[in-house]
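So the structure is just underneath, and the comments pick up after that.
There are 2 protein chains.
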Amino acid sequence: MPERQSSRKDAVRNREAVLTAADALFARRESPEDVTMADVAAAAGVGKGTLFRAFGDRAGLLRALYAARLEPIRQAVETGPPPLGPTAPPRDRVPALLDAVLCFKLDNRRLALALEEGGGNSPYQAEHYERWHSLLRAVLEQIPGLTDCDFTAHALLAATRADLVEHLAGEGHIPRERMRAQLANFATRVLASGPL
Amino acid sequence: MPERQSSRKDAVRNREAVLTAADALFARRESPEDVTMADVAAAAGVGKGTLFRAFGDRAGLLRALYAARLEPIRQAVETGPPPLGPTAPPRDRVPALLDAVLCFKLDNRRLALALEEGGGNSPYQAEHYERWHSLLRAVLEQIPGLTDCDFTAHALLAATRADLVEHLAGEGHIPRERMRAQLANFATRVLASGPL
DNA sequence: CGTCGATACGGACCCAGGGTCCGGATTCTA
DNA sequence: TAGAATCCGGACCCTGGGTCCGTATCGACG
Chain A
1 MPERQSSRKD
11 AVRNREAVLT
21 AADALFARRE
31 SPEDVTMADV
41 AAAAGVGKGT
51 LFRAFGDRAG
61 LLRALYAARL
71 EPIRQAVETG
81 PPPLGPTAPP
91 RDRVPALLDA
101 VLCFKLDNRR
111 LALALEEGGG
121 NSPYQAEHYE
131 RWHSLLRAVL
141 EQIPGLTDCD
151 FTAHALLAAT
161 RADLVEHLAG
171 EGHIPRERMR
181 AQLANFATRV
191 LASGPL
Chain B
1 MPERQSSRKD
11 AVRNREAVLT
21 AADALFARRE
31 SPEDVTMADV
41 AAAAGVGKGT
51 LFRAFGDRAG
61 LLRALYAARL
71 EPIRQAVETG
81 PPPLGPTAPP
91 RDRVPALLDA
101 VLCFKLDNRR
111 LALALEEGGG
121 NSPYQAEHYE
131 RWHSLLRAVL
141 EQIPGLTDCD
151 FTAHALLAAT
161 RADLVEHLAG
171 EGHIPRERMR
181 AQLANFATRV
191 LASGPL
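Keeping their order, the protein sequence lines are chains A and B.
full-length UniProt numbering applies: residue 1 is where the first sequence begins, and numbers increase by one.
full-length UniProt numbering applies: residue 1 is where the second sequence begins, and numbers increase by one.
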């Protein structure tokens with residue numbers, strides 16, 4: 001219930017300020033967990049009360065940031081051209097979807113990290129995960145000969161988890177393009193198997 | 001450096017007591033994060049100081065518990081009979097390894113969960129992950145026609161992440177055997193692809 | 001068996017950080 | 001422009017991980 005927006009001018013201005021400041025902070029700081037709520041409030045020039053009233057709790061703020069960043073991709077997936085859009089043939093669309101997720105996580109490492117570990121609630125009860133999963137699953141179901149599409153969707157998405165991506169990009173020093181190629185290759189292999 | 005064991009009788013006794021108590025607590029409580037260090041100390045009949053001296057920090061305690069539980073599997077993998085042991089043919093061993101990991105996580109849900117989210121440090125910098133990964137990778141490399149074995153090993157292991165397993169077993173109500181079958185099927189598909 | 005140095009014990013204590021509260025300021029409505 | 005509704009913000013609370021240090025215990029040695 002702490003989610004409904006206010007129409008009061010100062011409220012929306014502050015909400016905006018917080019979003020902007022938080023975005024900047026997460027981008028600048030090394031690890032997402034050393035950007036504290038007090039930091040965000042201070043950076044936004046706002047009191048903690050305001051911050052929490054606007055977003056409920058830390059997870060709420062993260063979700064809001066995440067949703068904003070995700071918006072363009074959501075658009076591209078829902079109404080865009082192939083291979084991301086709904087008119088693409090399933091075998092092309094699956095790798096494209098995974099690639100989009102991967103790129104998103106590469107571009108928003110800290111944020112995705114912060115949201116996925118989140119201290120307590122797993123990413124699997126987040127609604128945005130649910131969306132990706134059911135979409136991917138639906139696409140997989142259109143590919144003949146594939147079984148266990150629900151599980152397969154989970155397993156494929158698991159390969160794009162933020163901390164794995166972070167690990168590979170960070171300690172592993174794997175460049176972006178290589179990682180994309182590997183994921184695409186992996187997805188292809190999963191889809192490829194005809195009768196073995 | 002807070003890791004070297006003591007030989008003093010009371011010290012080992014207390015260490016044992018803590019391990020036992022913690023094990024019981026994690027098994028009993030719903031979520032791993034509402035078993036606090038103070039709880040563990042109290043349940044073990046020991047002061048917090050003792051607890052922290054013996055294990056360094058929370059992660060240290062988790063690691064110790066984990067290692068104890070993992071020991072039999074490690075044995076089976078390193079010196080046991082096929083299909084888990086080193087003499088098994090790679091195409092059989094990969095699914096077997098994954099199955100072993102999955103079963104372990106099913107049998108130790110809370111513990112694995114606690115260790116993998118761990119608040120801060122990702123599971124990917126844990127040494128036990130490193131071990132599974134390099135083993136799996138080595139086995140994959142023995143399979144002709146497979147490329148990107150490093151990444152593939154990561155991706156396969158990602159399908160056994162504790163929170164995913166928890167999600168599937170919990171909200172998804174997927175029975176153990178079905179999950180094992182799905183994972184095996186998935187692994188098989190990944191390995192199956194000849195020239196596409 | 002008594003003494004003594006080394007080691008461990010344990011709970012009071014510290015601190016960070018998420019989240020709450022409420023008196024006062026601001027904004028909308030009439 | 002009065003009054004009500006809403007919002008502001010920072011002082012405050014609380015939980016939980018981690019530390020400290022005076023005291024109790026251990027075990028080696030005489």
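The beta carbon of each residue, even a glycine, is placed where N, CA and C say it ideally should be.
**Request:** Assign D23 (chain B) to one of three DSSP states: helix, strand, or coil.
**Result:** helix
**Asked** Whose C-alpha, out of A:G45, A:A155, A:I143, is nearest the C-alpha of F186 (chain B)?
**Response** A:A155
**7 Å CB neighbourhood of I143 (chain B) in its chain, flanking five on each side removed** = P90, R91, L191
**Message:** Counting only beta-carbon separations shorter than 7 Å, does D92 (chain A) have a partner in chain B?
**Reply:** no
**Message:** For the pair the region 42–51 of chain A and the region 16–29 of chain A, tell me if three or more CB-CB distances fall below 8 Å.
**Reply:** yes
**Asked** Would you call the CB atoms of R69 (chain B) and N108 (chain B) closer than 7 Å?
**Response** yes
**Asked** How about Y124 (chain A): is its C-beta nearer than 7 Å to some C-beta of chain B?
**Response** yes
**Prompt:** When burial is assigned at 16 or more other CB atoms within 10 Å of the CB, is G47 (chain A) buried or exposed?
**Reply:** exposed
**Three-pair Cβ contact test at 8 Å for the region 94–101 of chain B versus the region 171–185 of chain B** = yes
**Nearest-angstrom Cβ-Cβ length linking L106 (chain B) and A169 (chain B), presumed shorter than 8 Å** = 7 Å
**Prompt:** Would a check of beta-carbon distances place F186 (chain B) closer than 7 Å to chain A?
**Reply:** yes
**Request:** Quick one: give me the first and last residue of the alpha helix (DSSP H) that H154 (chain B) is part of.
**Result:** 149–158
**Message:** Going by DSSP, what residue range makes up the alpha helix (DSSP H) through G60 (chain B)?
**Reply:** 58–79
**Message:** Please report the distance separating the alpha-carbon of A153 (chain A) from that of L146 (chain B).
**Reply:** 22 Å
**Request:** Would you list, in sequence order, the uninterrupted alpha helix (DSSP H) runs of no fewer than 4 residues that lie entirely inside the region 98–127 of chain A?
**Result:** 109–117
**Through-space distance from H128 (chain A) to A114 (chain A), alpha-carbon basis** = 15 Å
**Prompt:** Are the C-beta of Q75 (chain A) and some C-beta of chain B separated by less than 7 Å?
**Reply:** no
**Request:** Rank A:H173, A:R63, A:L136 by C-alpha distance to the C-alpha of Q125 (chain A) and give the top, closest one.
**Result:** A:R63
**Prompt:** Would DSSP call S134 (chain B) helix, strand or coil?
**Reply:** helix
**Asked** For P2 (chain B), which of helix, strand or coil comes out of DSSP?
**Response** Residue placement at P2 (chain B) is poorly supported in this model, since its pLDDT is 46, which falls under 50; the coordinates still yield a value, given next. It is coil, neither helix nor strand.
**Prompt:** If we ignore side chains and look at the alpha-carbon of each, how far apart do R189 (chain A) and K9 (chain A) end up?
**Reply:** 53 Å
**Prompt:** Within 10 angstroms of its Cβ, does A159 (chain B) collect 16 or more other Cβ (buried), or is it exposed?
**Reply:** buried
**Option nearest L157 (chain A) by Cα separation, candidates A:E171, A:A100, A:E117, A:G118** = A:A100
**Request:** Just the chain B side, please: which residues come within less than 8 Å of V190 (chain A) by C-beta, in chain order?
**Result:** F186, R189, V190
**Item:** Under 7 Å by beta carbon: chain B residues contacting A155 (chain A)
**Value:** A159, F186
**Item:** Exposure label - R28 (chain A); buried when at least 16 CB within 10 Å
**Value:** exposed
**Asked** Along the chain, where does the alpha helix (DSSP H) that runs through H167 (chain A) open and close?
**Response** 162–170
**Message:** Measuring only the C-alpha atoms, how far is R13 (chain A) from A112 (chain B)?
**Reply:** 43 Å
**Message:** By the three-class DSSP mapping on this structure, what secondary structure does L183 (chain B) have?
**Reply:** helix
**Message:** Here's the rule I'm using: 16 or more other beta-carbon atoms within 10 Å means buried, otherwise exposed. How should E78 (chain A) be labelled?
**Reply:** exposed
**Request:** Starting from the beta carbon of Q182 (chain A), find every residue of chain B whose beta carbon is closer than 7 Å, and list them in chain order.
**Result:** D148, F151
**Message:** Helix, strand or coil for T87 (chain A)? Go by DSSP, reduced to three states.
**Reply:** coil
**Prompt:** Where does the unbroken alpha helix (DSSP H) through V40 (chain B) begin, and where does it stop?
**Reply:** 37–44
**Item:** Spatial distance of M179 (chain A) from L25 (chain B) (CA atoms)
**Value:** 40 Å
**Item:** Whole-Å CB distance - A59 (chain B) paired with G118 (chain B), under 8 Å assumed
**Value:** 6 Å
**Message:** Helix, strand or coil for R13 (chain A)? Go by DSSP, reduced to three states.
**Reply:** helix
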